[in-house]
Amino acid sequence: GHKLSNCVIDSGASDNVIPTKVAHALGLTLTRAFGSCYSMESRKVPLVGRIKDAQVAFAAFPEKRVLATILVADIPPLYGMFMSRNFCKEVGGEIQMDWLHALIPVNGKMKKLLLEKQTEYIV
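Residue 93 in the working numbering sits at position 77 of the sequence shown; the count goes up by one each step and never skips.
Here it is, written out as structure tokens:
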């Protein structure tokens, strides 16, 4: 697997999105996707591809894995991935109101996932 840093929970997003440049750097296999999504500036962006059933694990808790469908869009690679409301639901747990950490269930126990310092995405 690859390590992808600087991922963001987008509580307004209905889909998980990864920038094209990041998907190519990871060497991911894309299937064709039709349509578009909206950027954070409410700009319509065409989809480049889709990754179905991607296995996502957390660096802090590698045993915690979630299957996700990720859309690939030609957006600036400011973040490694935008994680949607549904992704957060699949993970379970709670997010602190100040966004400094999340509590996620790992092997039946709630574990604290700390906010990392923002850096450019890392593959």
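Even glycine gets a Cβ: it sits at the ideal position worked out from N, Cα and C.
Asked: Could you give the first and the last residue of the continuous beta strand (DSSP E) run that contains H117?; Found: H117 to V122
Asked: In the DSSP assignment, the beta strand (DSSP E) including L1 goes from what residue to what residue?; Found: Shown here, the chain extends from 17 to 139; a query on residue 1 therefore has no answer.
Asked: Among residues of its own chain, excluding the 5 on either side of K80, which ones have a beta-carbon nearer than 6 Å to its beta-carbon?; Found: F74 and V122
Asked: When you compare only the Cα positions, how much space is there between D69 and D114?; Found: 31 Å
Asked: If I follow the unbroken beta strand (DSSP E) through T85, where does it start and stop?; Found: R81 to A89
Asked: Return the chain-ordered list of same chain residues with a C-beta closer than 7 Å to the C-beta of C23, the five sequence neighbours on each side being excluded.; Found: Y95, G96, M97 and M99
Asked: Who are the Cβ neighbours of N32 in its own chain at under 6 Å, not counting the five residues just before and after it?; Found: A84, I86, M99, S100 and F103
Asked: Can you pull the DSSP bridge partners for Y54?; Found: K60
Asked: Give me the Cα-Cα distance between I120 and K19, rounded to the nearest whole angstrom.; Found: 19 Å
Asked: May I ask you to report which of helix, strand or coil DSSP gives F77?; Found: coil
Asked: Can you check DSSP and say which residues form a bridge with E110?; Found: L119
Asked: For I91, which of R59, A76 and F77 has the nearest alpha-carbon?; Found: R59
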